[in-house]
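Residue numbers (my numbering), protein chains in the order written: chain P, 1 to 134; chain X, 1001 to 1122.
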């Protein structure tokens, strides 16, 4: 590779010359939410362990999770999970060599993005109404 | 650098297995992720007794463990892809892949231990 550059040959185009597409953005967000969920499993494990180890640990976890920062992180986790879920379904469709027409790929991508966000807000609205807050 | 990569590692060695595993766990995680969200919704703000009551149910416990196992297998492959793309150099590559496996095993075992402890009460 280094020899090619030294020979003064043109480099392949860099990111900034590409036009924004929803499929491109969704690809990046899919990976970011995946990495977020990877870290988020620590929270899931901590929650289960706190419930396993006794009321003191559980209440500590609940008080941290119930703080504004904890709630923000948990909303982020919910959104990452639902977004990654709907976004990932597109890949399962594409694996079967379906939905590759540009229009369909765009519709699926926008659909997954909107569904992921709407479902996250819906889940949290339901959670607050169940707790009688909303 | 090209000559040093003659030993199969990463994608050259296990790409098909990882591809299949990523897809099968993805399929399994469609219902399991929805189950997890339903469980977290039911237990949002719940006190200790309620949480123990739900998590002590054998079906819930089984589904939690199934979710964890699927998630851990799925994310091992996913993070492996990220490492293949961004972590270069033999030493850091192997180090990152090893850390990835250790993280997934640790999270998996800790969660399963907790779920079983709640279920059986050892």
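Using N, Cα and C, we set each Cβ at its ideal position, and we do this for glycine too.
- Rounded to whole angstroms, the Cβ separation of residue 1065/X and residue 1101/X is 19 Å, and the two are not in contact under 8 Å.
- For the options 1076/X, 1096/X and 1051/X, the alpha carbon positioned closest to that of residue 1026/X is the one of 1076/X.
- Given a length threshold of 4 residues, each whole run of the alpha helix (DSSP H) inside the segment 101 to 133 of chain P is given here in chain order: 102 to 130.
- Within the segment 17 to 48 of chain P, the residues whose Cβ lies closer than 9 Å to any Cβ of chain X are, in chain order, 31, 34, 35, 37, 38, 41, 42, 44, 45, 46, 47 and 48.
- Cβ neighbours of residue 1096/X within its own chain (closer than 7 Å, five residues either side excluded): 1083 and 1087.
- Just measuring C-alpha positions, the residue of 71/P, 95/P, 35/P and 90/P sitting nearest residue 104/P is 90/P.
- For the C-beta of residue 1028/X, not a single chain P residue is nearer than 8 Å; the gap to the nearest is close to 12 Å.
- Proximity of chain X to residue 96/P at the Cβ level (cut-off 8 Å) is not reached, the minimal Cβ distance being about 10 Å.
- The segment 115 to 133 of chain P makes contact with the segment 78 to 94 of chain P, as at least three CB pairs between them are under 8 Å.
- Residues of chain X whose Cβ lies closer than 8 Å to the Cβ of residue 51/P are, in chain order, 1048, 1051, 1052, 1055, 1114 and 1118.
- Residue 59/P has a beta carbon lying within less than 9 Å of a beta carbon in chain X.
- Contact note: residue 116/P does not reach chain X at a C-beta cutoff of 7 Å; the least C-beta distance is about 12 Å.
- Just so you know, the alpha carbons of residue 20/P and residue 14/P end up roughly 13 Å apart.
- For residue 75/P, the enclosing alpha helix (DSSP H) stretches over residues 68 to 95.
- Of all residues in the segment 78 to 89 of chain P, only 78, 81, 82, 85, 88 and 89 place a beta-carbon less than 8 Å from a beta-carbon of chain X.
- Near chain P, meaning a CB-to-CB distance below 7 Å, the residues of the segment 1091 to 1111 of chain X are 1107, 1110 and 1111.
- Nearest CB-CB separation between residue 92/P and chain X: below the 9 Å threshold.
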